[in-house]
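Novice:
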Amino acid sequence: DTAVSQTPKYLVTQMGNDKSIKCEQNLGHDTMYWYKQDSKKFLKIMFSYNNKELIINETVPNRFSPKSPDKAHLNLHINSLELGDSAVYFCASSQGTVNNEKLFFGSGTQLSVL
Amino acid sequence: QKEVEQNSGPLSVPEGAIASLNCTYSDRGSQSFFWYRQYSGKSPELIMFIYSNGDKEDGRFTAQLNKASQYVSLLIRDSQPSDSATYLCAVNMEDFGNEKLTFGTGTRLTIIP
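Sequence lines, in order, name chains B and E.
Sequential numbering of the first sequence, starting at 1, is according to my numbering.
Sequential numbering of the second sequence, starting at 115, is according to my numbering.
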């Protein structure tokens with residue numbers, strides 16, 4: 001069983017569209033994250049949830065809205081997609097909130113906005 | 115802006131030699147330091163973590179931490195072609211009361227057979 005699974009793996013869409021990426025973890029972890037990795041491999045945190053509660057919200061356009069229906073799921077909805085949103089989006093989870101713990105990453109979603 | 119800096123490379127090392135990867139960070143209060151390995155097209159995976167000054171060894175990997183110099187490094191002994199990947203340094207930093215993991219831009223390592 002995959003520990004952290006996200007779908008879809010690839011997402012190609014037109015500018016202005018709205019899209020969602022789903023993430024689920026079966027590790028029993030309390031904390032989940034969304035990271036964005038740009039073409040230069042820079043991995044930057046976007047959001048962090050602990051037990052469905054938002055604890056980190058980086059300077060991200062409000063077109064990006066995370067939703068955590070339960071602690072095993074963290075979805076990312078993006079409105080009015082722009083060219084600059086093209087990147088790989090990684091979901092991750094960890095046992096606690098303090099970042100001295102191992103992050104488990106999903107396989108990533110390659111988003112291409114045309 | 116709290117930062118983590120790495121030389122982006124590419125760093126080319128002959129097979130069997132020692133690969134040395136370096137990382138500096140800006141937040142003096144950081145306590146936890148990690149090295150993630152990312153193969154092309156794959157997700158990052160943790161290979162080492164270190165919390166105390168000095169060296170920490172795990173198999174062919176050694177992490178070195180010097181908090182006074184705000185410097186952390188990763189040594190890979192007896193480098194293998196399978197070690198070819200991008201290595202991401204990550205540092206735990208406090209930001210407005212929340213701790214978050216800040217990644218460097220990564221060093222691309224190529225092991226030459």
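No residue lacks a Cβ here, since even glycine has one placed at the ideal position from N, Cα and C.
Just checking my contact of Ser126 (chain B) with Leu103 (chain B) at CB under 8 Å: how many whole Å lie between their CB atoms?
Specialist: Because chain B here runs from 1 to 114, residue 126 (chain B) falls outside it and cannot be looked at.
Novice: DSSP three-state call for Leu103 (chain B): helix, strand or coil?
Specialist: In this structure, Leu103 (chain B) counts as coil in the three-state DSSP scheme.
Novice: Out of E:Gln145, E:Val127 and E:Thr219, which has the shortest C-alpha to C-alpha gap to Glu208 (chain E)?
Specialist: Among E:Gln145, E:Val127 and E:Thr219, the Cα nearest to that of Glu208 (chain E) belongs to E:Gln145.
Novice: Output needed in chain order: residues of the region 52-77 of chain B with a Cβ under 9 Å from some Cβ in chain E.
Specialist: Residues Ile55, Ile56 and Glu58.
Novice: What separation, rounded to the nearest whole angstrom, lies between the Cα atoms of Thr200 (chain E) and Ser20 (chain B)?
Specialist: Rounded to whole angstroms, Thr200 (chain E) to Ser20 (chain B) spans 28 Å at the Cα level.
Novice: Classify Pro195 (chain E) as helix, strand or coil using the three-state DSSP reduction.
Specialist: If DSSP states are grouped into helix, strand and coil, Pro195 (chain E) belongs with the helices.
Novice: With a cut-off of 8 Å on the beta carbons, I'd call Thr216 (chain E) and Gln120 (chain E) a contact; round off their distance for me.
Specialist: Wrong, their Cβ atoms sit about 12 Å apart, outside the cutoff.
Novice: Taking Cβ positions, are Leu202 (chain E) and Tyr150 (chain E) nearer each other than 8 Å?
Specialist: Yes, these two residues count as a Cβ contact at 8 Å.
Novice: Please specify which runs of the beta strand (DSSP E), each continuous and at least 3 residues long, are wholly inside the region 20-68 of chain B, giving them in chain order.
Specialist: Runs of the beta strand (DSSP E) inside the region 20-68 of chain B: 31-37, 43-50 and 53-57.
Novice: Decide if Val12 (chain B) is buried, meaning its Cβ has at least 16 other Cβ atoms within 10 Å, or exposed.
Specialist: So Val12 (chain B) counts as exposed.
Novice: Just to confirm, is the Cβ distance from Thr224 (chain E) to Lys40 (chain B) under 8 Å?
Specialist: Contact flag unset, no.
Novice: For Asn180 (chain E), tell me which candidate among E:Ser193, E:Arg191, E:Tyr165 and E:Gly173 has the shortest Cα-Cα distance.
Specialist: Of the listed residues, the one whose Cα sits closest to Asn180 (chain E) is E:Tyr165.
Novice: With distances taken Cα to Cα, identify the nearest neighbour of Thr7 (chain B) among B:Lys52, B:Glu82 and B:Glu24.
Specialist: Ranking the options by Cα distance to Thr7 (chain B), first place goes to B:Glu24.
Novice: What does Ser107 (chain B) touch in chain E if you count any residue whose Cβ is under 9 Å from its own?
Specialist: Those within 9 Å of Ser107 (chain B) in chain E are Lys156 and Ser157.
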